[in-house]
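In the numbering used here, the protein residues as written are -11 to 165.
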């Protein structure tokens, strides 16, 4: 029940920012509060999708009021900025909870999640262990390439060149190839 209602918050953000953009200025303060609260909740939930959906809804609300490509371009820039700023913290939080849970996410309340974020930003926002290529892993065929690059960087470059002579041996002669 509460999860179903939570899905309406994004639509409320879109509608609220639409009303602000068409001139209902008294909605500005409640919409700022709602948007800030939702961003904070999404960040402490370590939820990338929700973190990106909020600025998208704000952008669409303003765009639907007065359609201009400039608004969409600015909104896309803000979404990219939110992504670049928040994703390392989200990855850090997920890794931290996964470490606490021994490989699975440990149950954590708001206080623990807020403490994890405070610890992350207190360290200057540097990830422990680093996830240098995680942002591009989701593109097609890139996770295996990313893994190969990580192995190579760790000194495990592989032994492909030792297997070159076996290329010309037919499977009929050597089935275990």
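Note that the Cβ used here is the ideal one computed from N, Cα and C, for glycine as well.
Since the structure is predicted, the reported quantities are computational estimates derived from the model, not experimental observations.
Residues of the same chain with a CB within less than 7 Å of the CB of residue 8, apart from the 5 flanking positions on each side, are 15, 16, 19 in chain order. Residue -10 is not a Cβ neighbour of residue 22, given a cutoff of 9 Å.
A distance of 9 Å or more separates the beta carbons of residue 61 and residue 42. Listed in chain order, the non-local C-beta contacts of residue 35 below 6 Å within the same chain number zero, local neighbours out to five positions each way being set aside. Going by C-alpha positions, residue -3 is about 12 Å away from residue 27. Judged by DSSP in its simplified three-state form, residue 134 adopts helix.
Nearest to residue 45 by alpha-carbon distance, out of 57, 67, 54, 32, is 67. Between residue 24 and the set 5, 89, 163, the nearest pair of CA atoms involves 5. Taking residue 13 as reference, the option from -8, 33, 50 with the minimal CA-CA separation is 50.
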